[in-house]
DNA sequence: TGACAAATAGTCAGTACTGAGTATAATGAT
DNA sequence: ATCATTATACTCAGTACTGACTATTTGTCA
């Protein structure tokens, strides 16, 4: 995943510093990945060793040297291979919250309900945020690219909406299973 | 996550070998986690060092010694802390396939369509499988526990269905954007 | 023009995870 | 009785990731 993004960005936007790659990831993909800077450098080093990218130091006027990375032909080949491999990865989610739910019998229902209520409002807010980002992004994109960008946004939107549906269902069912827990205030 | 599962299982089912814990995870949670054996041992060792579990070697008749792990009172405290923390983790998915989609302009449409068609049939199949597991599992569970178990199953079902909806949408949109690509056979 | 914040460009040590391997015990097939 | 699987129980070395840190440069406001 990370190498695919890095190689792809290097091929699309030309040679870059590690920091610039991180910038590109933030500008273009902030909603979809959370890759950290040290992770970028880790993979750049690895790929440099493997000959997939070329690292050349550039020292221009200002003293400290920076390292610029550039995809090699071998890197371009690897990019295509990763692209095809990633395209065929199957969806296999795990949800952290399921673990706490599995042990939910050791928690008082009102604590569950509180957590789910928080989750609900956060999800509502997030869905709106992504819808807004989608509108802004698609507005300034050529049609051909806009199709896949739109798909990525909708991918996230659909799953956030599914999560919201689930959270609301959970609230209903917990209330049904443990009626009249409201007096648990303190 | 992993420590939460391990501590919870030790508290619920009593002292266990690492291998037995892995077994419990498989029997009870196979659809929801993919924790591997070495990961179990890694956390057991860590938690033993931290005093959250007690490791005592038992040698009974048969020669080779096994290590049995048992949650300590400190472990029980930690379990509750983890349970509450996990309950409040926010949903933040990332989808590998989005990365390939982001670079989709470098791929011929029919390759995308092929991959998505495969994804569609796999998802259909998986949804059915989970529905079946759900029915089987809920049938032999007391009502109180069945509520949370049902919620966990439905959590996965809703997201798999969202993924299916998205894949079908993607197929439609790709076909619209690149009409008549069928002649690309070879 | 000095000084303080923000952006740029990294490094490093520590954590988490797991594929591949080891070794013995129980079970079933022939 | 013996051999082959399968189940049990665990280890180790390598990969991936990242929080916390360092250090320089570039505004920017007084």
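Protein chains in written order, with our numbering: chain U, 1 to 186; chain W, 187 to 372.
The beta-carbon is built from N, C-alpha and C at its ideal position, and this holds for glycine as well.
Beta-carbon neighbours of residue i, restricted to chain U and to distances below 8 Å
i: residue 330/W; result: 105 and 177
i: residue 228/W; result: Those do not exist, as residue 228/W stays about 17 Å from chain U at its closest Cβ, beyond 8 Å.
Endpoints, the alpha helix (DSSP H) within which residue i is located
i: residue 209/W; result: 204 to 215
i: residue 8/U; result: 2 to 13
i: residue 232/W; result: 223 to 235
i: residue 102/U; result: 96 to 102
Below-8 Å beta-carbon distance, residue i vs any chain U residue
i: residue 370/W; result: Any reading at residue 370/W is ruled out, since the residue's pLDDT is 47, under 50, leaving its predicted position unreliable.
i: residue 254/W; result: no
i: residue 359/W; result: yes
i: residue 261/W; result: no
i: residue 269/W; result: yes
i: residue 264/W; result: no
i: residue 231/W; result: no
i: residue 333/W; result: yes
Residue-level contact to chain W via CB, residue i, 8 Å cutoff
i: residue 169/U; result: yes
i: residue 95/U; result: yes
i: residue 163/U; result: yes
i: residue 21/U; result: no
i: residue 151/U; result: yes
i: residue 133/U; result: no
i: residue 18/U; result: no
i: residue 37/U; result: no
Under 7 Å from the C-beta of residue i: neighbouring residues of chain U
i: residue 384/W; result: Past the boundaries of the shown model lies residue 384/W; chain W is included only from 187 to 372, so the question cannot be answered.
i: residue 306/W; result: Here the premise fails: no neighbours, minimum Cβ distance about 11 Å.
i: residue 301/W; result: 87 and 88
i: residue 341/W; result: 95, 98 and 166
i: residue 237/W; result: Chain U residues near residue 237/W: none, gap ~21 Å exceeds 7 Å.
The beta strand (DSSP E) enclosing residue i, as first and last residue numbers
i: residue 240/W; result: 239 to 244
i: residue 69/U; result: 66 to 71
Neighbour-count burial assignment, residue i, 16 or more Cβ in a 10 Å radius
i: residue 42/U; result: exposed
i: residue 223/W; result: exposed
i: residue 33/U; result: buried
i: residue 286/W; result: buried
i: residue 78/U; result: buried
i: residue 248/W; result: Here the model assigns residue 248/W a pLDDT of 49, short of 50, so the residue's position is not dependable and the matter cannot be decided.
i: residue 200/W; result: exposed
i: residue 284/W; result: buried
i: residue 163/U; result: buried
i: residue 261/W; result: buried
i: residue 189/U; result: Summary: the structure shown does not reach residue 189/U, with chain U confined to residues 1 through 186, and so no result is reported for it.
i: residue 139/U; result: exposed
i: residue 312/W; result: buried
i: residue 114/U; result: exposed
i: residue 205/W; result: exposed
Proximal chain W residues relative to residue i, where beta-carbon distance stays under 7 Å
i: residue 13/U; result: Residues of chain W passing the Cβ test: none, with the nearest at roughly 12 Å.
i: residue 158/U; result: 348, 351 and 352
Interface residues of chain W facing residue i [CB-CB closer than 9 Å]
i: residue 188/U; result: Not covered by the structure: residue 188/U. The range shown for chain U is 1 to 186.
i: residue 29/U; result: 284, 285 and 288
Contact set between residue i and chain U, taken where Cβ atoms lie within less than 9 Å
i: residue 219/W; result: 94, 98 and 99
What residue ranges within the segment 290 to 336 of chain W form continuous alpha helix (DSSP H) runs of no fewer than 4 residues, ordered along the chain? Correct list: 295 to 325.
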